[in-house]
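Quick mapping for you: the protein sequence lines, in order, are chains B and U. Position 74 (the first sequence) corresponds to 74 in the working numbering; numbering is contiguous. Position 104 (the second sequence) corresponds to 104 in the working numbering; numbering is contiguous. To keep things clear, I will list the structure first and then write my remarks on it.
2 protein chains.
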Amino acid sequence: MNKVKDTTTETDILNAAKRIFQHKGMAGARMQEIADEAGINKALLHYYFRSKQLLFEAVFKMAFSMLAPQLNEVMNADSSLFEKIRKFSNNYISFVLKHPYLPNFIIQELNRNPEFVEKLIAEDHFPNIEKFKKQVNDKVTEGTIKPIKPEQLFINIMALNIFPFIGAPLLKGFINIENQTYNQLMEDRKTEVAEFIINAIKI
Amino acid sequence: MNKVKDTTTETDILNAAKRIFQHKGMAGARMQEIADEAGINKALLHYYFRSKQLLFEAVFKMAFSMLAPQLNEVMNADSSLFEKIRKFSNNYISFVLKHPYLPNFIIQELNRNPEFVEKLIAEDHFPNIEKFKKQVNDKVTEGTIKPIKPEQLFINIMALNIFPFIGAPLLKGFINIENQTYNQLMEDRKTEVAEFIINAIKI
DNA sequence: GTCTATAGCCAGATAGAC
DNA sequence: GTCTATCTGGCTATAGAC
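Right under this line is the structure:
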């Protein structure tokens with residue numbers, strides 16, 4: 001019972017900042033807007049986080065730490081290669097349907113500040129895909145799947161799962177459909193993406 | 001011989017603005033930086049384009065018009081479905097290897113200003129994928145490829161070709177490789193992406 | 001911890017000379 | 001068309017009262 005209030009304002013700020021930063025990016029976001037969203041004033045933002053830069057970094061780390069462990073868990077599980085692909089696609093798409101702006105935010109800010117990647121790699125739970133790579137190489141050697149570099153397969157899995165959300169506005173334009181129909185396509189992808197990948201590599 | 005000089009300054013500005021906007025985005029770019037890059041001063045930027053917003057829109061349209069026609073040509077060609085997939089992947093990746101920041105720029109700004117999509121659709125050479133959709137549906141009906149919605153196949157093609165460039169910083173971190181090695185992977189994808197897709201759908 | 005008020009800077013835009 | 005100088009507004013950050 002010793003932390004009923006405590007850091008509730010800090011949490012409010014972080015959540016508000018997350019919403020604003022995800023929509024506008026670091027450069028486009030305004031401290032005033034974040035303050036309004038959090039129901040406080042600008043001065044308090046600086047009281048808690050000192051500067052826009054530091055607030056941004058806190059938000060970015062929080063966002064990244066929501067996504068990275070999932071990847072890590074699935075990739076390092078003991079399950080078979082096909083199960084991993086199925087599980088990752090299903091988990092990831094389900095998660096992103098609830099947080100549609102997260103992937104774009106992360107990718108975007110990593111493109112603007114490539115040095116962030118170094119910092120992330122140094123962190124504890126940064127995803128490691130060695131186990132996955134070994135599994136793919138083993139199956140190729142066995143002749144159980146078609147020859148493919150593990151790196152390429154990994155890129156393909158990420159691309160098929162992540163891009164439909166990042167590229168949503170463009171894709172909706174090309175396909176010429178509304179939000180609801182598009183969401184249904186994403187819903188379907190929870191299972192279809194994995195089957196597409198598995199069809200591509202199975203003998 | 002009647003336009004030796006003419007609009008050369010305008011072109012210089014557009015090219016400079018393209019470089020800066022692509023790296024920093026609309027919100028992060030500075031008119032001063034664009035002026036420096038173009039070798040002129042701020043006032044001249046406003047003389048030619050009136051405002052940052054108008055300059056940005058000019059750059060955006062230019063960027064989009066470099067990519068869209070390619071998509072259109074390939075998708076509406078008379079070639080077979082598999083040929084289309086091969087040709088698009090090869091063309092697109094070759095092109096983007098020369099302009100690595102273009103896709104990210106477009107996707108990013110469309111996410112920030114979704115209303116841009118409406119404007120683009122109204123333009124002359126906005127890509128149309130009806131022919132592609134019909135081709136896919138026909139082949140599914142014939143039983144020549146596995147059942148798949150044309151929209152899903154289209155999304156997959158786009159994802160596998162575009163995402164590796166947009167997500168490059170993140171992917172490099174995950175895979176733990178340097179730029180040169182990554183570029184080699186992209187080089188290989190010129191042919192491998194299409195084969196991956198074709199393997200996924202062929203009977 | 002939370003607020004109001006304001007300092008101080010920087011960026012977009014314009015005026016006006018050449 | 002191109003420049004220098006300047007206006008004006010908006011934004012981050014801080015001072016200081018409560």
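Think of the CB as a built atom: it goes at the ideal place given N, C-alpha and C, for glycine as much as any other residue. Remember, it's a predicted structure, so these values are computed and weren't measured experimentally.
Test: residue i CB closer than 9 Å to a CB of chain B
i: V136/U; result: no
i: P114/U; result: yes
i: Q180/U; result: no
i: Q32/U; result: no
i: K149/U; result: yes
i: R19/U; result: no
i: Q70/U; result: no
i: A35/U; result: no
i: G39/U; result: no
i: A27/U; result: yes
i: A200/U; result: yes
i: L185/U; result: yes
i: R189/U; result: yes
i: L102/U; result: no
i: K146/U; result: yes
CB contact below 9 Å: residue i versus chain U
i: N2/B; result: With a pLDDT of 37 at N2/B, under the threshold of 50, the predicted position of this residue should be treated as unreliable, though the coordinate-derived value follows. No, N2/B does not count as interfacial toward chain U.
i: K42/B; result: no
i: H125/B; result: no
i: A159/B; result: yes
i: G143/B; result: no
i: P169/B; result: yes
i: K24/B; result: yes
i: L110/B; result: yes
i: K5/B; result: Any reading at K5/B must be qualified, since the residue scores a pLDDT of 48, below 50, and its modelled position is unreliable; the value itself is stated next. No, its Cβ sits nowhere closer than 9 Å to a Cβ of chain U.
i: N156/B; result: yes
i: I197/B; result: yes
Delimiting residues of the alpha helix (DSSP H) encompassing residue i
i: N176/U; result: First-last for N176/U: undefined, no H or E at that position.
i: S89/B; result: 81-98
i: A43/B; result: 42-49
i: T11/B; result: 8-28
i: I203/U; result: Taken as a continuous stretch (DSSP letters only), I203/U belongs to no alpha helix (DSSP H), as it is neither H nor E.
i: A38/B; result: 31-38
i: N113/B; result: From DSSP, N113/B is part of no alpha helix (DSSP H); its letter is neither H nor E.
i: A77/B; result: Neither: A77/B is in no alpha helix (DSSP H) and is coded neither H nor E.
Residue i versus the options, residue with shortest Cα-Cα distance
i: N91/B; options: E109/B, E57/B, Y47/B, P69/B; result: P69/B
i: F154/B; options: I107/U, Y101/U, R189/U; result: R189/U
i: R50/U; options: G143/U, V96/U, E10/U, I175/U; result: E10/U
i: G39/B; options: A58/B, F21/B, N15/B; result: N15/B
i: I201/B; options: E33/B, P114/B, A77/B, L81/B; result: L81/B
i: K24/U; options: L97/U, L170/U, N104/U; result: N104/U
i: L54/U; options: A17/U, L67/U, Q32/U, K87/U; result: A17/U
i: H99/B; options: A63/B, V74/B, I157/B, G173/B; result: A63/B
i: N113/U; options: R19/U, A27/U, I203/U, D12/U; result: A27/U
i: G173/B; options: L110/U, T141/U, M66/U, K172/U; result: L110/U
i: S79/U; options: V136/U, E37/U, F95/U, I175/U; result: V136/U
i: G143/U; options: K149/U, I203/U, R30/U; result: I203/U
i: T8/B; options: A29/B, K42/B, Y48/B; result: Y48/B
i: F56/B; options: L97/B, E83/B, F116/B; result: F116/B
i: R19/B; options: I106/B, I93/B, H46/B; result: I106/B
i: Q108/B; options: L185/U, R30/U, L171/U; result: L171/U
i: N199/U; options: P147/B, K42/B, H125/B; result: P147/B
i: H46/U; options: E37/U, I93/U, I13/U, N176/U; result: I13/U
Whether residue i touches residue j by CB criterion (9 Å)
i: N72/U; j: N128/U; result: yes
i: I121/U; j: A194/U; result: no
i: K139/U; j: E151/U; result: no
i: P164/U; j: A159/B; result: yes
i: A58/B; j: L44/B; result: no
i: S89/B; j: I197/B; result: yes
i: A77/U; j: K61/U; result: no
i: L67/B; j: F21/B; result: no
i: M75/U; j: K119/U; result: no
i: R187/B; j: L97/B; result: It is worth fixing the name first, because residue 187/B is Glu in this sequence and not Arg. Contact: yes.
i: L185/U; j: K52/B; result: no
Check: What are the start and end residues of each continuous alpha helix (DSSP H) run of 4 or more residues lying completely inside the stretch 115-200 of chain U, in chain order?
Finding: 115-122, 130-142, 150-166, 168-175
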